[in-house]
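Chemist: First, the structure itself, so that you have it in front of you.
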Amino acid sequence: MARTAVVTGSASGIGKATKELLESRGERVIGVDIHDADVVVDLTTAAGRTGLVEAVRDAAGGTIDAVYSIAGLAAPIPATVAVNFFGMVATLEGLRPLLLSSAAPRAVGVASMASLMPVDDELVAAMTARDEPAALARAEVLAREPETTGALIYGSTKKAFAQWVRRTAPTADWAGASIPLNAVAPGIIATPMTADMIATEEARTAILQMVPMPLNGIAEPIVVARLLTWLGSTENTHLCGQVVFVDGGSDVVIRGDSTW
Ligand SMILES: NC(=O)c1ccc[n+]([C@@H]2O[C@H](COP(=O)([O-])OP(=O)(O)OC[C@H]3O[C@@H](n4cnc5c(N)ncnc54)[C@H](O)[C@@H]3O)[C@@H](O)[C@H]2O)c1
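Quick note on numbering: the sequence shown equals residues 896 to 1155 in our numbering.
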């Protein structure tokens, strides 16, 4: 029987490529986004997160096979915290009960190589503590200087999310329920999110100095979609809490041996 997948961020970029790839393979996809989707919700709000679960339960008839939590923002604003961390976690936790009746349930989220960049420790700690008001208040302060402290917001959300995946994946709710939970960490991908950053040769050179991608450079969204869909496939039986960098080499160049 065809698998049913839920893809957030399905209207654009990596989410759109993931939806299209799954559909080309005959899977049923319930697309979720703030616009142009089967389920239109705002994942920065409690009502949007609850609405997501209710709408997916209705659309899927109670069972889904895979969740791809992809929707995100990169702007130096508090909403980035609300969608990238709290929205992503709410998507995965909220839809987990619908995975339990699948024969081969899978869950994947999108972190980023930006998690390796400087972060704001106070903001990461507030997310880790699952204290959304404190995290939003800290992001509000950081956002006052968009070029300096504001620029720490995005990487902070991705670090907190990657660490949540690693801490959560081996627990009874996930590994104990036979649900592989993993993340991907893309480098620079050519989507509307990065359009301005890669619009000119000069801009591309500047971004690749910060994010070195010696293997094939800036990637198309389909590159990330292929990895995501493998992590969400029945073939993935034993990856648990991995954050797989699909980044043309920025992780190995930046971190080298330091992670071992
Ligand atoms: N493009 C890159 O270089 C890159 C690199 C690393 C990680 N990522 C991550 O990949 C994911 C997808 O990014 P993309 O590059 O495809 O960007 P994109 O802007 O093309 O797509 C993001 C999608 O998320 C949706 N979204 C944003 N806020 C939302 C909300 N409040 N509620 C519901 N949907 C919302 C948008 O409407 C959009 O369709 C994000 O989590 C992003 O942080 C992207």
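Every residue gets a Cβ at the ideal spot worked out from N, C-alpha and C, and that includes glycine. In this text, all values refer to a predicted model and were calculated from it rather than measured experimentally.
What are the boundary residues of the alpha helix (DSSP H) that residue 1051 is part of?
Modeler: Within the sequence shown, numbered from 1, the residue matching residue 1051 stands at position 156. 1047 to 1063 is the span of the alpha helix (DSSP H), which, as asked, contains residue 1051.
Chemist: To the nearest angstrom, how far is the alpha carbon of residue 1101 from that of residue 1142?
Modeler: Taking the first residue of the sequence shown as 1, we reach residue 1101 at position 206. Taking the first residue of the sequence shown as 1, we reach residue 1142 at position 247. If you take the alpha carbons of residue 1101 and residue 1142, they lie about 16 Å apart.
Chemist: How do the region 918 to 926 and the region 996 to 1009 stand: do at least 3 beta-carbon pairs fall below 8 Å, yes or no?
Modeler: As far as the Cβ criterion goes, the region 918 to 926 does not touch the region 996 to 1009, which means the pair count is below three.
Chemist: Taking only three categories from DSSP, how would you classify residue 996?
Modeler: Sequence index remark: in the sequence shown, residue 996 carries index 101 (1-based). Note: residue 996 maps to coil in three-state DSSP.
Chemist: Along the chain, where does the alpha helix (DSSP H) that runs through residue 913 open and close?
Modeler: Position 18 of the sequence shown, counting from 1, holds the residue named residue 913. Where residue 913 is concerned, the enclosing alpha helix (DSSP H) stretches over 908 to 919.
Chemist: At a cut-off of 7 Å, would you count residue 903 as near ligand 1, judging by its Cβ distance to the nearest heavy atom?
Modeler: Translated into positions along the sequence shown, residue 903 becomes position 8. Yes, ligand 1 has a heavy atom inside 7 Å of this Cβ.
Chemist: Helix, strand or coil, according to DSSP, for residue 1028 in the structure here?
Modeler: Translated into positions along the sequence shown, residue 1028 becomes position 133. In this structure, residue 1028 counts as helix in the three-state DSSP scheme.
Chemist: Count the other CB atoms, across all protein chains shown, that sit within 10 Å of the CB of residue 1033; report buried if there are 16 or more and exposed otherwise.
Modeler: Here the question's residue 1033 lines up with position 138 in the sequence shown. Under this definition residue 1033 is a buried residue.
Chemist: Would you kindly work out how many angstroms separate the C-alpha atoms of residue 1116 and residue 1077, rounded to a whole number?
Modeler: Here the question's residue 1116 lines up with position 221 in the sequence shown. Here the question's residue 1077 lines up with position 182 in the sequence shown. Approximately 18 Å between the Cα atoms of the pair.
Chemist: For a test of your reading of the model: does the CB of residue 938 fall under 7 Å from any non-hydrogen atom of ligand 1? Yes or no.
Modeler: Start at 1 with the first residue of the sequence shown, and residue 938 comes out as number 43. Answer for residue 938: yes, Cβ within range of ligand 1.
Chemist: I'd like the span of the beta strand (DSSP E) that includes residue 1002, first residue to last.
Modeler: Taking the sequence shown and counting its residues from 1, the one referred to as residue 1002 is at position 107. Per DSSP, residue 1002 belongs to the beta strand (DSSP E) from 1001 to 1005.
Chemist: Whole angstroms are fine: how far does the CA of residue 1153 sit from the CA of residue 903?
Modeler: Here residue 903 refers to the residue found at position 8 when the sequence shown is read from its first residue. Here residue 1153 refers to the residue found at position 258 when the sequence shown is read from its first residue. Residue 903 and residue 1153: Cα-Cα distance of roughly 33 Å.
Chemist: When you measure from the CB of residue 1005 to every non-hydrogen atom of ligand 1, does any distance come out below 7 Å?
Modeler: One-based indexing of the sequence shown puts residue 1005 at position 110. The answer is yes for residue 1005.
Chemist: Say the cut is 7 Å; is the CB of residue 1083 nearer than that to a heavy atom of ligand 1?
Modeler: What you label residue 1083 is simply residue 188 of the sequence shown in a count that begins at 1. Yes - ligand 1 has a heavy atom lying nearer than 7 Å to the Cβ of residue 1083.
Chemist: Identify whether residue 1077 lies in helix, strand or coil by the three-state DSSP scheme.
Modeler: Translated into positions along the sequence shown, residue 1077 becomes position 182. If DSSP states are grouped into helix, strand and coil, residue 1077 belongs with the strands.
Chemist: Mark residue 1104 as exposed unless 16 or more other C-beta atoms lie within 10 angstroms of its C-beta, in which case mark it buried.
Modeler: For the purposes of this step, residue 1104 is taken as residue 209 along the sequence shown, with counting starting at 1. That one is exposed.
Chemist: Can you tell me whether residue 940 is helix, strand or coil according to DSSP?
Modeler: The sequence position of residue 940 within the sequence shown is 45, counting from 1. Looking at residue 940 - three-state DSSP - the assignment turns out to be coil, as it is neither helix nor strand.
Chemist: I'd like to check one pair, residue 987 with residue 1007: are the Cβ atoms closer than 8 Å?
Modeler: Here residue 1007 refers to the residue found at position 112 when the sequence shown is read from its first residue. Here residue 987 refers to the residue found at position 92 when the sequence shown is read from its first residue. Contact: no.
Chemist: For a minimum of 4 consecutive residues, which ranges assigned as the alpha helix (DSSP H) are wholly contained in the region 1069 to 1148?
Modeler: With a minimum length of 4 residues, the continuous alpha helix (DSSP H) runs that stay inside the region 1069 to 1148 are 1096 to 1105 and 1116 to 1126.
Chemist: Report yes if the C-beta of residue 1151 is less than 7 Å from at least one heavy atom of ligand 1; otherwise report no.
Modeler: Walking along the sequence shown from the start, residue 1151 turns up at place 256. It does not: the Cβ of residue 1151 is nowhere closer than 7 Å to a heavy atom of ligand 1.
Chemist: Given a threshold of 16 other Cβ atoms within 10 Å of its Cβ, counted over all protein chains shown, does residue 971 qualify as buried or as exposed?
Modeler: Residue mapping note: residue 971 aligns to position 76 of the sequence shown, counting from 1. Its Cβ being crowded by 16 or more others within 10 Å, residue 971 is buried.
Chemist: What separation, rounded to the nearest whole angstrom, lies between the Cα atoms of residue 1140 and residue 957?
Modeler: Counting from 1 along the sequence shown, the entry for residue 1140 is found at position 245. Counting from 1 along the sequence shown, the entry for residue 957 is found at position 62. One C-alpha to the other measures close to 32 Å.
Chemist: Please state whether DSSP places residue 967 in a helix, a strand or coil.
Modeler: If you number the sequence shown from 1, residue 967 lands on position 72. Residue 967 falls in the coil class under three-state DSSP.
Chemist: Could you check which residue in 1025, 960, 968 and 916 has the C-alpha nearest to that of residue 900?
Modeler: Taking the first residue of the sequence shown as position 1, residue 900 is located at position 5. It is 960 whose Cα lies nearest to the Cα of residue 900.
Chemist: Assuming residue 1145 and residue 1108 are in contact, meaning their beta carbons sit under 8 Å apart, how far apart are those beta carbons, in whole angstroms?
Modeler: Counted from its first residue, the sequence shown places residue 1145 at position 250. Counted from its first residue, the sequence shown places residue 1108 at position 213. Yes, residue 1145 and residue 1108 are in contact; Cβ-Cβ is about 6 Å, under 8 Å.
Chemist: Of all Cβ atoms in chain C, is any one closer than 8 Å to the Cβ of residue 960?
Modeler: Chain labels in this structure do not include chain C; a single protein chain is all it has.
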